[in-house]
Structures are given as C-alpha cells and as structure tokens.
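> Numbering (my numbering), first residue to last: 657 to 988.
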Ligand SMILES: [Zn+2]
Ligand SMILES: [Zn+2]
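1. May I ask you to report which of helix, strand or coil DSSP gives residue 799?
2. Out of 910, 807, 950 and 820, which one is the CA nearest neighbour of residue 836?
3. Tell me, please, whether the segment 814-828 touches the segment 715-732 by the rule of three or more beta-carbon pairs shorter than 8 angstroms.
4. Where does residue 766 sit, in a helix, a strand or coil, going by DSSP?
5. Which of the three DSSP states, helix, strand or coil, is assigned to residue 879?
6. State yes or no: is the C-beta of residue 800 within less than 7 angstroms of the C-beta of residue 912?
7. Excluding sequence positions up to five away, which residues of its chain have a Cβ less than 8 angstroms from the Cβ of residue 875?
8. Nearest-angstrom Cα distance between residue 972 and residue 952?
9. Tell whether a beta-carbon distance below 7 angstroms holds between residue 808 and residue 743.
10. Indicate whether residue 921 and residue 785 have their beta-carbon atoms separated by less than 7 angstroms.
11. Considering only the alpha carbon of each residue, which of 700, 878 and 692 lies closest to residue 713?
12. For residue 700 versus residue 859, is the C-beta distance shorter than 7 angstroms?
13. Taking 6 angstroms as the cut-off, is the beta-carbon of residue 966 closer than that to any non-hydrogen atom of ligand 2?
14. Which residue marks the beginning of the beta strand (DSSP E) containing residue 778, and which one marks its end?
15. Report the CB separation of residue 764 from residue 722 in whole angstroms; it is logged as a contact under 8 angstroms.
16. Span of the alpha helix (DSSP H) holding residue 847?
17. Quick one, which of 782, 822 and 957 has its alpha-carbon nearest residue 732's?
18. Please list, following the chain, all residues that have a C-beta closer than 7 angstroms to any non-hydrogen atom of ligand 2.
19. Within the continuous alpha helix (DSSP H) that includes residue 757, where are the two ends?
20. Output the boundary residues of the beta strand (DSSP E) element that contains residue 708.
21. Could you pull the start and end residues of the beta strand (DSSP E) that residue 791 belongs to?
22. Count the other CB atoms within 10 Å of the CB of residue 737; is the residue buried (16 or more) or exposed (fewer)?
23. Per the DSSP calculation, residue 732 is bridged to which residue(s)?
24. Can you pull the DSSP bridge partners for residue 861?
25. Can you say whether residue 748 is buried or exposed, counting buried as having 16 or more other CB atoms within 10 angstroms of its CB?
26. Evaluate residue 910 with the Cβ neighbour count: other Cβ atoms within 10 Å of its Cβ, from every protein chain shown; 16 or more gives buried, anything less gives exposed.
27. Measure from the alpha carbon of residue 916 to the alpha carbon of each residue in 882, 902 and 943, then state which is nearest.
28. Assuming residue 791 and residue 843 make a contact with CB atoms under 8 angstroms, what is their CB distance in whole Å?
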C-alpha cells in the first residue's frame, strides 16, 4: 500500500467525521472500568521475531524482538547528514546520505515489560522521543516528533529525492544509525493484513501504558479523525478484542497528531531512569529519549569522569538543559 492510497482516503474521512461523532457520543465515556489485556496480547499474531512472555502474577507481558519489522521496507532511505538541522523537507538532496537498507538496517535488542491491567489516569503524561509502544510487526511505535521541542512532525516533514524517501511507505524508518526501526504514522504495511473492511480495526500494538493501539478505522470501519478523539488520540468504545468496550488509542491519517502524543494511562516515568541501585545509568533509554543511538550518546559523553556535558550537548546538537533533563541525578 502506498502513501498515495493513504492520503486519498482523507476526503472520505471528512465525510465520515459526522457519523463518527455520533457513534462516539452514543457510547458512554466510562474510563473507570478495569480491563485485562492479557488474552488479547496472547491471541495477537506477533511476528516470528517477537517473543511475548506473559506474567500472570505480575500482570505484565514482556516484548522482545530484534527491532526489524516483518513486513517489507524500502530498498533505500534518505538519512540526514546533520540530524539536528530540522525540518528536513525543505532540504536539497546534498543534505542527505542515500543508504541501502540491506546493509544499513541494524538489529536492535528491544526488550520492554508492559502492564496487562492498564489504569486510566485523569492527567495525561506527554510521550517522549524514543519508544512509546510496540507493534505486532516487531518494530516500535514512536510519537509524532523528531525533536524534543515538538515542533517537527515526522509525517509532515516527509522528503523524497529521486524516489528515495525519508519515511517509507509503511510510515517507518530507523534512527540515523540504522537501528530501532519505528513508525511515525499508521503502520499501513501491518494494518493491511490485520484490518477488515467494515469493521473496527484490529489491535496493531500496545502502548507503554498498557492500552491497545489501533489504526484509524473505528466501529463499522468508519475512519476516525484526530479531532474526534481526546487529547491523547484515545477514546472509550468497543473493539474486536474488547467487545464490551475499553479505552484505546487510534493512529490517524487526516492531520497531526497522527500518533500518540500523551499517555492517558498511568505510566512509570521514572522507569527509564531507574538504574539498578546506583549502577550504570540506562544509556540505551537515555539515548532513545534524545532520539540518538546509544553509540552516539556514549561517543559524545566521552570517557572522562564526570563527563563534559557541555561538549556532549554541543556534539549532539541539543541544549545543555535538554541533556541534563534526561541524565540521571548523580548519586547522593
Ligand atoms: Zn523517526
Ligand atoms: Zn475505537
């Protein structure tokens, strides 16, 4: 499926917005009920490179994958030579390296444990750069943005030179070092095999707060638009896996936010910073938060102790404040 097909549906979704609103308001917006996603997680058709381990006692599941999606991807990608000089869409071809995915794509160890009893929180929590959820394809779900300041929306910043894209036809790409393939829009290469015409879309993944994620097809296959959803692109209603209704997220195709820019479920923010008893900080998680690879972060920090944070921030093209905001506090 091509991006062209995706966008040709915009007119239909505008027409359908009225009826979608009707469906929405006819359903109680009850977020107080509890939901157990373990059966849906277990029944989902995860890719062969994904291993799912359910822990009934802890009410969690662990997702492990090599990070490479099981659907096809583009043969070549545009990789910005200076990833901090955003946006990219107005940049000429010289601004990019053209890489062959066969050599460039690199396996990444994805390992995350997510609750199977998500709890709706009244106060939303902003999603960060880096992984915010996992998809059945083995790849990761990111939010809309390419920068910490949330000014550059990846889908709207699409650039194609000589048929080579920045984002592929699945709305995905890797980090600049070829690791951590992730989506910035509906993973259409995945949903094309999941969704059924005339039906609510099927669960395509799970957000880190535990709530399930769907494409933009709501009840009866009606396309849902961003403004028919809450501030985190979610709502309460029935889905194929949860016929009695649950809070769930929809990725959308009409306008930003296309992705999930805040969690409406309880989420352990401290989780990614949690070192094991003052041991080595979780540099992989910090790198993800900054949108760079762990290697880039380690190179920037160097091997002096304490690190030259000022120099590291400059090398990563971010402000010192932004870097210190994600570095763990020194041990007391
Ligand atoms: Zn990206
Ligand atoms: Zn829905």
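From the three backbone atoms N, C-alpha and C, an ideal C-beta is built for every residue, glycine too.
Reading from the atomic positions:
1. The residue given as residue 799 occupies position 143 in the chain shown. Reduced to three states, the DSSP call for residue 799 is coil.
2. Working through the chain shown from its first residue, we reach residue 836 at position 180. If we check each option's Cα against that of residue 836, 950 comes out closest.
3. yes
4. Within the chain shown, the letter at position 110 stands for residue 766. Strand, per DSSP.
5. Position 223 of the chain shown, counted from the first residue, corresponds to residue 879. Strand, per DSSP.
6. By one-based count along the chain shown, residue 800 stands at place 144. By one-based count along the chain shown, residue 912 stands at place 256. Yes, the pair counts as a contact, with Cβ atoms nearer than the cut-off.
7. Along the chain shown, read from residue 1 onward, the residue named residue 875 stands at position 219. Result list for residue 875: 679, 856, 893 and 894, in chain order.
8. Position 316 of the chain shown, counted from the first residue, corresponds to residue 972. Position 296 of the chain shown, counted from the first residue, corresponds to residue 952. Cα to Cα, residue 972 sits roughly 8 angstroms from residue 952.
9. The residue labelled residue 808 in the question sits at position 152 within the chain shown. The residue labelled residue 743 in the question sits at position 87 within the chain shown. A Cβ-Cβ contact shorter than 7 angstroms links residue 808 with residue 743.
10. Along the chain shown, read from residue 1 onward, the residue named residue 921 stands at position 265. Along the chain shown, read from residue 1 onward, the residue named residue 785 stands at position 129. It is not a contact, given that the beta carbons lie outside the stated cut-off.
11. Along the chain shown, read from residue 1 onward, the residue named residue 713 stands at position 57. Taking only the C-alpha atoms, the option nearest residue 713 is 692.
12. As a working mapping, residue 700 is identified with position 44 in the chain shown. As a working mapping, residue 859 is identified with position 203 in the chain shown. Against a cut-off of 7 angstroms, the Cβ pair of residue 859 and residue 700 comes out as a contact.
13. On the chain shown, residue 966 is found 310 positions in, with the first residue counted as 1. Every heavy atom of ligand 2 is 6 angstroms or more from the Cβ of residue 966, so no.
14. Numbered from its first residue, the chain shown carries residue 778 at position 122. 776-782 is the extent of the beta strand (DSSP E) around residue 778.
15. Within the chain shown, the letter at position 108 stands for residue 764. Within the chain shown, the letter at position 66 stands for residue 722. That pair is a contact at about 7 angstroms.
16. The sequence position of residue 847 within the chain shown is 191, counting from 1. Per DSSP, the unbroken alpha helix (DSSP H) holding residue 847 starts and ends at 844-850.
17. Taking the chain shown and counting its residues from 1, one reaches residue 732 at position 76. Taking only the C-alpha atoms, the option nearest residue 732 is 822.
18. 856, 870, 874, 875, 880, 891, 893, 895, 904 and 906
19. On the chain shown, residue 757 is found 101 positions in, with the first residue counted as 1. 757-760 is the extent of the alpha helix (DSSP H) around residue 757.
20. As a first step, residue 708 is located in the chain shown; it is residue number 52 there, counting from the start. Under the DSSP assignment, residue 708 falls in the beta strand (DSSP E) whose first and last residues are 706-711.
21. Residue numbering aside, residue 791 sits at position 135 when the chain shown is read from its first letter. Run containing residue 791: 789-791, per the beta strand (DSSP E) assignment.
22. Within the chain shown, the letter at position 81 stands for residue 737. Exposed, since its Cβ has fewer than 16 Cβ neighbours within 10 Å.
23. Position 76 of the chain shown, counted from the first residue, corresponds to residue 732. As computed with DSSP, residue 732 is found in a beta bridge with 756.
24. In the chain shown, residue 861 corresponds to position 205, counting from 1. Residue 861 pairs with 791 and 869.
25. What you label residue 748 is simply residue 92 of the chain shown in a count that begins at 1. So residue 748 ends up on the exposed side.
26. In the chain shown, residue 910 corresponds to position 254, counting from 1. Buried, because 16 or more other Cβ atoms sit within 10 Å of the Cβ of residue 910.
27. The residue given as residue 916 occupies position 260 in the chain shown. Distance from the Cα of residue 916 is smallest, within the candidate group 882, 902 and 943, for 882.
28. Numbered from 1 along the chain shown, position 135 holds the residue referred to as residue 791. Numbered from 1 along the chain shown, position 187 holds the residue referred to as residue 843. Yes, residue 791 and residue 843 are in contact; Cβ-Cβ is about 6 angstroms, under 8 angstroms.
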